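In full-length UniProt numbering, the protein residues as written are 1 to 104. Even for Gly, the Cβ is constructed at its ideal location relative to N, Cα and C. Computed from a predicted structure; not experimentally measured. Report on the structure given below.
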């Protein structure tokens with residue numbers, strides 16, 4: 001499966017547009033992580049535990065988008081976008097979406 005954030009795949013022709021493929025996940029922080037990250041926040045620097053949590057969530061959302069595109073019979077997903085939103089005080093949603101297509 002090819003994934004592109006552009007409207008096309010280089011050197012390939014899109015022959016069929018199948019629809020929007022999407023995948024999402026909601027990840028929650030945990031109390032232990034919040035305590036250690038709060039200390040880091042006082043002194044400055046990257047909040048690595050949160051960076052890792054969001055990276056994992058992005059990967060999961062993309063994997064789910066790819067699975068959705070595969071169910072449609074797609075060869076690629078173009079014009080891929082990622083969005084993040086806060087669902088609750090301790091949880092964020094990451095959504096990946098794009099156009100599922102068949103290539104020549």
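Taking one beta carbon from each stretch, the stretch 48 to 56 and the stretch 11 to 18 have fewer than 3 pairs nearer than 8 Å; the two do not touch. Per DSSP, the beta-bridge partners of residue 20 are 99. For residue 6, same chain residues with a beta-carbon under 8 Å away, outside a window of 5 residues either side, are 78, 79 in chain order. With respect to the 8 Å criterion, residue 100 and residue 72 are classified as neighbours on the basis of their beta carbons. The C-beta distance from residue 94 to residue 82 rounds to 7 Å, short enough to fall under 8 Å.
Apart from sequence neighbours up to five positions away, the residues of its chain that approach residue 61 with a beta-carbon distance below 8 Å are 23, 24, 25, 82, 94, 95, 96, ordered along the chain. Nearest to residue 92 by alpha-carbon distance, out of 58, 74, 4, 3, is 58. When beta bridges are read from the DSSP output, residue 82 appears opposite 96.
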